[in-house]
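Colleague: Counted from 1, the sequence shown has number 806 at position 66 by our numbering; the numbering is strictly sequential. For every residue, glycine included, the Cβ atom is placed at its ideal position computed from N, Cα and C.
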Amino acid sequence: MQLGKTSLDVLSTPGHLISMAARAFARLSEARLKSLGFGIGYLPVLVALEEGRAETQRDLARFAKIEQPSMAQMLVRMERDGLIERVPDLADGRMSRISLTDTARTRLPEACVKLFQGNGEAMVGFTDEEVAQLITLLGRLIENLDRLMNE
Numbered sequence: 741m742q743l744g745k746t747s748l749d750v751l752s753t754p755g756h757l758i759s760m761a762a763r764a765f766a767r768l769s770e771a772r773l774k775s776l777g778f779g780i781g782y783l784p785v786l787v788a789l790e791e792g793r794a795e796t797q798r799d800l801a802r803f804a805k806i807e808q809p810s811m812a813q814m815l816v817r818m819e820r821d822g823l824i825e826r827v828p829d830l831a832d833g834r835m836s837r838i839s840l841t842d843t844a845r846t847r848l849p850e851a852c853v854k855l856f857q858g859n860g861e862a863m864v865g866f867t868d869e870e871v872a873q874l875i876t877l878l879g880r881l882i883e884n885l886d887r888l889m890n891e
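1. Using only the alpha-carbon positions, how far apart do Asp821 and Asp749 sit?
2. Rounded to whole angstroms, what's the CA-CA distance from Val853 to Ile780? Just pull it up for me.
3. When you compare each of Pro784, Ala804, Thr841 to Asp886 by their alpha carbons, which one comes out closest?
4. Suppose you measure from the CA of Leu848 to the CA of Ala788; what does that come to, to the nearest Å?
5. Per DSSP, Arg837 is paired with what?
6. By the 10 Å Cβ neighbour count, where 16 or more other Cβ atoms means buried, how is Ala831 classified, buried or exposed?
7. For Gln813, count neighbouring Cβ atoms within 10 angstroms of its own Cβ and tell me buried if that reaches 16, exposed if not.
8. Please classify Gln797 as buried or exposed, where buried requires at least 16 neighbouring CB atoms within 10 angstroms.
9. Quick one: grab the DSSP three-state call for Val864.
10. Tell me whether Asp842 sits in a helix, a strand or coil according to DSSP, three-state version.
11. Take Leu704 and list the residues in its own chain whose beta-carbon comes closer than 6 Å to its own, dropping the five residues that flank it on each side.
12. Using only the alpha-carbon positions, how far apart do Ser839 and Glu870 sit?
13. Indicate whether Ala851 and Leu757 have their beta-carbon atoms separated by less than 9 Å.
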């Protein structure tokens, strides 16, 4: 079967190209974070906890923009790996407050360095202005996609 122009054009759409870039970034990041015991999916949780932006499973799921069951599974793995700890909420015994362990706090700065290094290497050949513009454009794209998903 021969692909027509329309079929080939779909491989040049922003959605397809962004998806390919995201998968490549994820593979690169996973490889760099493996030695620290972090997965790329852990990063939003680690950052939210470190910066005090969330401390419950529900808040973390909202922050990371993933479903509650997926967050629950991730938190189980992170607890098993010694990266988080849970303590019962004194005001609501059904909930737990989640915090980083000393292990996670110690490893997080190195993880950030490795991720920034990987991003820098991936952006070789781009000017600072182009990188800033890409970040702005991707932010707008994400806002549009969030809006579409919430309509």
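Modeller: Taking the definition as stated:
1. 44 Å
2. 14 Å
3. Ala804
4. 12 Å
5. Val827
6. exposed
7. exposed
8. buried
9. coil
10. helix
11. Residue 704 lies beyond the stretch modelled for the chain, which goes from 741 to 891, so this question has no answer here.
12. 37 Å
13. no
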